[in-house]
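**Q**
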Amino acid sequence: MASYAPIQDQTSPPSYSQPSPAIALINFPTSSGKEPRLPSKASKSTNVLGSWRLELISALVAVACVPILVSVLLSYNNRPLTDWPLGSTVTINTFVALLSTISRTSFMFTLIQALLQQRWNWYKTPRPLGDFQVFDEVTRGPLGSFSMVITTRGRPITLLASLVIFTSLITSTLTQSTVTYPDRLVQPPNVNANSVYKIQDYTAEDEKGGIYRLRSFPVLQTLLNGLFTPPDRQVVVHTPICPTSECVRPAFDTLAGKYVSSLQMSAGLRSGLGQDGDRYSTNTLPFYDIRAYKSAIYSLFLIYEGYQVRAAEVLFHYCVETYNISTSQNILKTGKLSAFTEVHQPETTSPGESGNIPLGYLVESKTPGLHYRFGGEGTVNMVRWMLDLLRGPYFDGFDSTTARGDGAEVVRNELMLAARKAVSKFDESQPDYTAKVISLTDELQWQVVKNVSQNIADGITKALLDPSTGANISAILGTSKKRETYIYIRWEWLSLLVAQVIFSIVVLFAVMGETRRLGIPVIKGSIMSAFFAIGSTERALVEREAQGLSVHEKIPLEGGKHKTNTPDESFVLWVIYTIETGNGF
4 MASYAPIQDQ TSPPSYSQPS PAIALINFPT SSGKEPRLPS KASKSTNVLG
54 SWRLELISAL VAVACVPILV SVLLSYNNRP LTDWPLGSTV TINTFVALLS
104 TISRTSFMFT LIQALLQQRW NWYKTPRPLG DFQVFDEVTR GPLGSFSMVI
154 TTRGRPITLL ASLVIFTSLI TSTLTQSTVT YPDRLVQPPN VNANSVYKIQ
204 DYTAEDEKGG IYRLRSFPVL QTLLNGLFTP PDRQVVVHTP ICPTSECVRP
254 AFDTLAGKYV SSLQMSAGLR SGLGQDGDRY STNTLPFYDI RAYKSAIYSL
304 FLIYEGYQVR AAEVLFHYCV ETYNISTSQN ILKTGKLSAF TEVHQPETTS
354 PGESGNIPLG YLVESKTPGL HYRFGGEGTV NMVRWMLDLL RGPYFDGFDS
404 TTARGDGAEV VRNELMLAAR KAVSKFDESQ PDYTAKVISL TDELQWQVVK
454 NVSQNIADGI TKALLDPSTG ANISAILGTS KKRETYIYIR WEWLSLLVAQ
504 VIFSIVVLFA VMGETRRLGI PVIKGSIMSA FFAIGSTERA LVEREAQGLS
554 VHEKIPLEGG KHKTNTPDES FVLWVIYTIE TGNGF
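Numbering (this note's numbering), first residue to last: 4 to 588.
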């Protein structure tokens with residue numbers, strides 16, 4: 004390694020074949036030649052604090068921004084966004100970005116100044132001149148910090164500083180991610196509770212008598228609505244009023260209409276002669292669900308032909324259904340959770356137009372001791388309307404004449420539309436075209452039968468919800484809520500900013516301590532110190548080298564002295580006397 008001795012100790016000009024240059028920071032006596040007077044401890048402490056006052060102030064600013072930011076976020080955490088006092092003029096994200104930027108700027112200033120001072124501490128012992136540039140490049144970005152770590156061989160101070168500089172690139176992004184704006188449902192004040200209705204029983208009992216047909220007229224209306232509703236749509240049974248955009252209601256049981264169906268897929272019909280009391284009747288497609296028959300309202304048979312004859316039986320009956328009805332974003336959501344049918348024979352009767360009529364049966368719900376009554380004149384009139392509406396044939400004769408059959412006509416038209424839809428799905432050139440059309444026609448027509456039956460059953464339930472029918476209904480109260488955007492703070496996203504502030508302060512105090520221990524004056528990034536560290540002769544060599552001239556001629560070297568601003572000590576920045584062409588300072 005090149006030697007470095009003060010100029011006054013040299014007895015001859017230096018040789019120009021020495022190794023690469025090095026630089027050292029050396030204590031030097033004052034110009035008077037006397038040893039400097041050692042300052043007192045109080046004077047040293049004052050000088051140290053005065054030399055680092057800007058860095059200490061910046062560190063305090065960086066630290067102060069963190070509790071201010073935390074306190075503001077803490078006060079508005081889990082509160083509605085509308086509570087933010089600055090509104091959209093200065094959003095909470097803007098506020099967070101402002102404080103984090105101030106903190107980042109402050110701790111980065113502190114950190115860079117500490118590293119610039121560490122550069123001079125590094126040259127307490129002989130080092131290559133290229134290290135000077137490495138420390139200077141730290142101020143230009145993360146790549147310079149990596150070079151510094153390699154040059155200093157991973158010293159803790161430079162390693163910690165490099166980590167802070169590199170992660171500072173994402174400080175603003177991560178800090179702003181601390182604030183999120185999720186939605187939640189809250190119950191607004193002064194809003195009436197919403198309600199939905201359930202049917203407890205339907206007997207249409209009236210002690211005064213004589214108004215059964217009038218009461219059953221809403222049943223006809225809803226049955227017509229269910230029949231004429233397209234099969235690809237559903238009848239809306241419950242239409243609760245929601246005063247807000249969100250309403251939550253508990254699940255509840257209610258008396259309801261339901262259907263069961265059976266389809267005979269063969270071309271023939273099973274038939275037989277059976278005795279029903281004192282009468283004989285022909286049975287075709289008997290149901291085996293005895294519970295459904297005990298609560299039956301009406302049963303109908305369908306015989307239709309697509310590409311082959313099909314026969315179906317549909318039974319409408321009472322049951323107890325469990326509903327879960329809610330409103331979300333002003334959209335009604337109706338869920339049928341289950342259906343329950345358990346029937347027991349009652350012993351009471353109900354007065355009717357033609358005398359006392361048995362009340363029918365009690366439908367027992369899943370809740371022990373809770374019963375739902377049905378029957379009486381109300382069910383009798385419902386059967387009358389269904390007979391008028393659903394029975395009767397409809398066919399296309401060979402002479403293109405038609406016979407109108409009310410409900411049968413509606414079902415026939417829907418079945419024909421399903422058959423046409425099946426034909427349109429395939430190309431006649433496809434293999435097995437006929438088989439595919441027949442299979443899809445059967446599937447779509449059977450779906451039409453089920454959907455129409457479901458709409459009629461829902462029409463029965465909807466009819467019973469009309470108080471004018473005489474049904475006993477009660478309200479199920481729900482909770483009205485509104486969707487609210489609130490402020491939610493993810494505290495873990497602030498950890499990076501806190502760590503950066505702490506690490507930068509650690510680096511600052513470590514450099515301050517090392518500077519004082521080594522006895523190095525506080526220079527930091529002073530350009531004048533570096534300028535006066537090189538004598539006029541050495542500067543001439545640099546200029547000649549920059550102009551492409553040879554510097555291998557014997558030129559006397561001069562030591563360049565530079566006194567500090569403090570009156571008690573001075574030092575000399577020494578350039579070793581070996582300069583090779585192509586190697587700058």
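All C-beta atoms in this analysis are idealised placements derived from N, C-alpha and C, irrespective of residue type, glycine included.
No experiment lies behind these values; they were computed from the predicted model shown.
Quick one: what's got a C-beta closer than 7 Å to residue 198's C-beta in the same chain, skipping five residues either side?
**A** 243, 478, 479, 480 and 481
**Q** Tell me, please, which residues DSSP counts as bridged to residue 335.
**A** 330
**Q** Going by DSSP, what residue range makes up the beta strand (DSSP E) through residue 249?
**A** 249 to 251
**Q** Please return the same chain residues whose Cβ sits closer than 6 Å to the Cβ of residue 200, not counting the five positions on each side in sequence.
**A** 468, 476 and 478
**Q** Check each candidate in 100, 77, 82 and 110 and name the one with the smallest Cα separation from residue 187.
**A** Of all alpha-carbon atoms in 100, 77, 82 and 110, the one lying nearest the alpha-carbon of residue 187 is that of 82.
**Q** Would you decide whether residue 328 is buried or exposed? Buried here means 16 or more other CB atoms lie within 10 Å of its CB.
**A** buried
**Q** What do you get for residue 231, buried or exposed, if any count of 16 or more other CB atoms within 10 angstroms of its CB means buried?
**A** exposed
**Q** Put residue 315 into one of helix, strand or coil per three-state DSSP.
**A** Residue state, collapsed to three classes: strand.
**Q** Taking the Cβ atom as the reference point for each residue, do residue 310 and residue 418 lie within a distance shorter than 8 Å?
**A** If you check the CB distance, residue 310 and residue 418 do not come in under 8 Å.
**Q** With DSSP run on the structure shown, which of helix, strand or coil describes residue 176?
**A** helix
**Q** Ignore the nearest five residues each way along the sequence and tell me which others in residue 499's own chain have a CB closer than 6 Å to its CB.
**A** 177
**Q** Quick check on residue 168: buried or exposed, where buried means 16 or more other Cβ atoms within 10 Å of its Cβ?
**A** buried
**Q** Under 8 Å, do residue 493 and residue 181 count as touching if we go by C-beta distance?
**A** yes
**Q** Check whether the Cβ atoms of residue 142 and residue 151 sit closer than 8 Å, and answer yes or no.
**A** In this structure, residue 142 lies away from residue 151, with their beta-carbon atoms at least 8 Å apart.
**Q** Could you please give the first and the last residue of the uninterrupted beta strand (DSSP E) stretch that includes residue 306?
**A** Unbroken beta strand (DSSP E) run through residue 306: 299 to 308.
**Q** Can you list the alpha helix (DSSP H) stretches of 4 or more residues lying completely in the stretch 402 to 465, in chain order?
**A** 410 to 427
**Q** Considering residue 486, what are the terminal residues of the beta strand (DSSP E) in which it resides?
**A** 482 to 488
**Q** Cα-Cα, which of 375, 246 and 411 is closest to residue 486?
**A** 246
**Q** Within 8 Å (strictly less), CB to CB, does residue 332 reach chain C?
**A** No chain C appears in the structure shown, which is made up of a single protein chain.
**Q** So what does residue 476 bridge to, in DSSP terms?
**A** 202
**Q** Residue range of the alpha helix (DSSP H) that residue 391 falls in?
**A** 379 to 393
**Q** Sorted by chain position, which residues of the same chain lie with C-beta nearer than 6 Å to residue 250's C-beta, five sequence neighbours on each side aside?
**A** 197, 330, 481 and 483
**Q** Which value, in whole angstroms, describes the spacing of the CA atoms of residue 465 and residue 391?
**A** 19 Å
**Q** In angstroms, rounded to a whole number, what distance separates the CA positions of residue 248 and residue 190?
**A** Residue 248 and residue 190: Cα-Cα distance of roughly 11 Å.
**Q** Leaving out the 5 sequence neighbours to the left and right, which residues in its chain are closer than 6 Å to residue 336 when beta-carbon positions are compared?
**A** The beta carbon of residue 336 sits closer than 6 Å to the beta carbons of 329 from its chain, once the five residues preceding and following it are set aside; these are given in chain order.
**Q** Exposed or buried, what is residue 524 when buried is set at 16 or more other beta-carbons lying within 10 Å of its beta-carbon?
**A** buried
**Q** Whose CA, out of 304, 164 and 264, lies closest to the CA of residue 509?
**A** 164
**Q** Would you give the residue range spanned by the beta strand (DSSP E) that residue 84 belongs to?
**A** Segment: none, residue 84 is in no beta strand (DSSP E) and carries neither H nor E.
**Q** What three-state label does DSSP hand residue 139 in the structure shown?
**A** helix
**Q** Rounded to the nearest angstrom, what separates residue 70 and residue 144 at their Cα positions?
**A** 28 Å
**Q** Would you mind working out which of 56, 86, 495 and 220 sits nearest residue 382, comparing C-alpha positions?
**A** 220
**Q** If you draw a straight line from the C-alpha of residue 566 to the C-alpha of residue 522, how long is it?
**A** Below a pLDDT of 50, predicted positions are generally treated as unreliable, and residue 566, at 36, falls in that range; the measurement from the model is reported next regardless. The straight-line gap from Cα to Cα measures roughly 15 Å.
**Q** How would you call residue 234, buried or exposed, if buried means at least 16 neighbouring beta carbons within 10 angstroms?
**A** buried
**Q** Return the chain-ordered list of same chain residues with a C-beta closer than 6 Å to the C-beta of residue 458, the five sequence neighbours on each side being excluded.
**A** 229, 232 and 238
**Q** Hey, quick one: how far does the alpha helix (DSSP H) through residue 122 stretch, first residue to last?
**A** 95 to 125
**Q** Short of 6 Å in beta carbon distance, which residues of its chain neighbour residue 491, apart from the five on each side in sequence? Order them along the chain.
**A** In the same chain as residue 491, and ignoring 5 residues on each side of it, the C-beta atoms closer than 6 Å to its own belong to 183 and 185, in chain order.
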